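The next block holds one structure in the form of structure tokens; read it before the comments.
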Amino acid sequence: MNPFGPLPKPELHRHLEGSLRLRSLFDIARAEQLTLPAPTAEHFRTLVQVRQHEPFTAENFLSKFRVLRLFYRSPEIIQRLTAEVIADAAADNIRYLELRFTPVALTRARGFSLYEVMDWVTTSATEAARRHGIVLRLIVSVNRHEPPGLAAEVAELAASFRPRGVVGLDLAGDESRYPAAPFAPIFREARAAGLHITVHAGEWGPASNVVEAIEALHAERIGHGIRVLEDPNAVALARERGVVFEVCPTSNYQSGVVPSLEAHPLPKMLAAGLRVTLNTDDPSISGIDLSHEFALAHEKLGLSREALWECTATALDAAFLSTPRREAVVNAFRKAWQG
Ligand code: HPA
Ligand code: ZN
Numbered sequence: 035m036n037p038f039g040p041l042p043k044p045e046l047h048r049h050l051e052g053s054l055r056l057r058s059l060f061d062i063a064r065a066e067q068l069t070l071p072a073p074t075a076e077h078f079r080t081l082v083q084v085r086q087h088e089p090f091t092a093e094n095f096l097s098k099f100r101v102l103r104l105f106y107r108s109p110e111i112i113q114r115l116t117a118e119v120i121a122d123a124a125a126d127n128i129r130y131l132e133l134r135f136t137p138v139a140l141t142r143a144r145g146f147s148l149y150e151v152m153d154w155v156t157t158s159a160t161e162a163a164r165r166h167g168i169v170l171r172l173i174v175s176v177n178r179h180e181p182p183g184l185a186a187e188v189a190e191l192a193a194s195f196r197p198r199g200v201v202g203l204d205l206a207g208d209e210s211r212y213p214a215a216p217f218a219p220i221f222r223e224a225r226a227a228g229l230h231i232t233v234h235a236g237e238w239g240p241a242s243n244v245v246e247a248i249e250a251l252h253a254e255r256i257g258h259g260i261r262v263l264e265d266p267n268a269v270a271l272a273r274e275r276g277v278v279f280e281v282c283p284t285s286n287y288q289s290g291v292v293p294s295l296e297a298h299p300l301p302k303m304l305a306a307g308l309r310v311t312l313n314t315d316d317p318s319i320s321g322i323d324l325s326h327e328f329a330l331a332h333e334k335l336g337l338s339r340e341a342l343w344e345c346t347a348t349a350l351d352a353a354f355l356s357t358p359r360r361e362a363v364v365n366a367f368r369k370a371w372q373g
């Protein structure tokens with residue numbers, strides 16, 4: 035049994051679209067008569083999940099999200115999938131979840147409006163979190179490889195959804211080919227409107243992308259960021275600013291950032307004095323849960339239970355939460371971890 039299964043865990047970096055139940059997707063494909071090149075259940079799995087025989091590349095990883103965009107075909111489907119994501123997180127004893135979603139992705143299959151999909155996701159997620167007794171906050175993602183004009187519209191809507199649990203704005207997508215700088219004015223506005231900022235950087239791109247995320251976008255947290263170690267000046271900047279890294283080991287392995295799980299630089303990041311948290315990124319695409327990532331960090335990367343508590347405490351400290359709310363969550367976690 036996984037010893038981390040029963041412990042309460044916080045997750046700061048999980049994409050809704052990468053967390054969908056395969057069984058539900060399969061049912062939707064059938065009910066909606068989606069034409070997919072998947073004659074068998076195993077073929078179907080390959081379309082939406084990274085399998086062992088596939089190329090471990092960013093392109094292959096991102097291709098799964100493109101297939102998944104075909105499934106968001108009604109409010110009922112979007113709300114059902116969202117509620118299941120929360121239920122699955124709760125079943126893995128994630129007691130604090132920041133779930134991010136990409137409104138643009140959810141609009142595409144049927145030409146829904148951005149407002150509609152944000153309404154459906156926030157309503158369903160909030161209701162499910164209440165039912166499962168977990169503390170939930172939402173982050174809205176925009177992609178670098180999609181037009182900044184679209185991102186501006188999404189960011190403005192995200193700010194208007196603050197009363198409905200949206201606390202942050204995230205920049206995701208292909209950082210190997212698309213710089214963050216064109217998004218700087220949008221992120222400045224978002225910050226001014228009270229949203230927190232997290233940016234995918236230093237995953238498929240160099241350490242300089244981490245610097246850009248911190249300096250141009252004022253990122254408080256970095257998604258992945260593991261390549262920061264390639265530049266001591268970038269490490270120094272991240273330390274000085276207290277930037278928190280949302281590290282996702284299996285995702286990094288499956289998208290080809292690290293050659294093996296054992297080679298993951300998470301321990302080196304901790305040794306360099308960086309603030310590190312442990313996350314899944316896309317549990318259903320990767321076929322994992324957060325307890326799996328905790329066990330992996332313990333068994334394959336040599337992190338002690340105390341080090342994993344440190345990562346947990348860092349996540350709670352870096353959570354996009356108000357102070358009184360944070361203190362209540364931290365106390366409940368500490369009791370469970372320290373007995
Ligand atoms: N990197 C960039 N964009 C993403 C990722 C990722 O790991 N997952 C979902 N969108
Ligand atoms: Zn991500």
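Mapping the sequence shown onto the numbering used here, position 106 (from 1) lands on 140, and the numbers just tick up by one. Positions of the beta carbon are idealized from the N, C-alpha and C atoms, including for glycine. Here the structure is a predicted model, which is why all the values come from computation and not from measurement.
| Query | Result |
| --- | --- |
| heavy atom of the ligand HPA below 7 Å from E45 C-beta | no |
| Whole beta strand (DSSP E) elements within the stretch 287 to 344, 3-residue minimum | 309 to 312 |
| Separation of P358 from N94, as counted between CA atoms | 42 Å |
| Burial state of R211 (16 or more Cβ within 10 Å) | exposed |
| Among A139, L68 and Q113, the one whose alpha carbon lies nearest that of R100 | A139 |
| Continuous beta strand (DSSP E) stretch holding R55: start and end | From DSSP, R55 is part of no beta strand (DSSP E); its letter is neither H nor E. |
| Cutoff 6 Å; reference L337; Cβ partners in own chain excluding five residues on either side | A331 |
| Burial state of D61, where buried means 16 or more other Cβ atoms lie within 10 Å | exposed |
| Spatial distance of K98 from V269 (CA atoms) | 32 Å |
| Nearest-angstrom Cα separation, counted from S158 out to V200 | 13 Å |
| Opening and closing residue of the beta strand (DSSP E) in which S175 lies | V169 to N177 |
| The ligand GTP heavy atom lying under 7 Å from the CB of H49 | You won't find the ligand GTP in this model; what it holds is the ligand HPA and the ligand ZN. |
| Residues of its chain near T346, where Cβ-Cβ distance is below 7 Å and the 5 sequence neighbours each way are ignored | K43, P44, F367 and W371 |
| With 16 other Cβ atoms within 10 Å as the buried cut-off, status of M303 | buried |
| Near the ligand ZN: A206 beta-carbon under 7 Å from a heavy atom | yes |
| E132 - containing beta strand (DSSP E), residue span | I128 to F135 |
| Straight-line Cα distance separating L41 from F195 | 31 Å |
| Any non-hydrogen atom of the ligand ZN within 7 Å of G257 CB | yes |
| Residues near P109 in its chain [Cβ-Cβ closer than 6 Å; skip 5 each side] | W154 |
| Contact set for Y287: own chain, Cβ-Cβ below 6 Å, skip 5 residues either direction | L295 |
| Three CB pairs or more closer than 8 Å across the stretch 251 to 265 and the stretch 225 to 238 | yes |
| heavy atom of the ligand HPA below 7 Å from H298 C-beta | no |
| Straight-line gap, A124 to P213 (C-alpha atoms, nearest Å) | 35 Å |
| Proximity to N267 [Cα-Cα], best of E246, R134 and E51 | E246 |
| CB contact flag (A341, N36, <8 Å) | no |
| Residue(s) in a DSSP beta bridge with E280 | G257 and T311 |
| Inside the stretch 214 to 260 only - alpha helix (DSSP H) runs reaching at least 4 residues | 218 to 226 and 241 to 249 |
| 6 Å Cβ shell around V364 - same chain, five flanking residues per side excluded | L350 |
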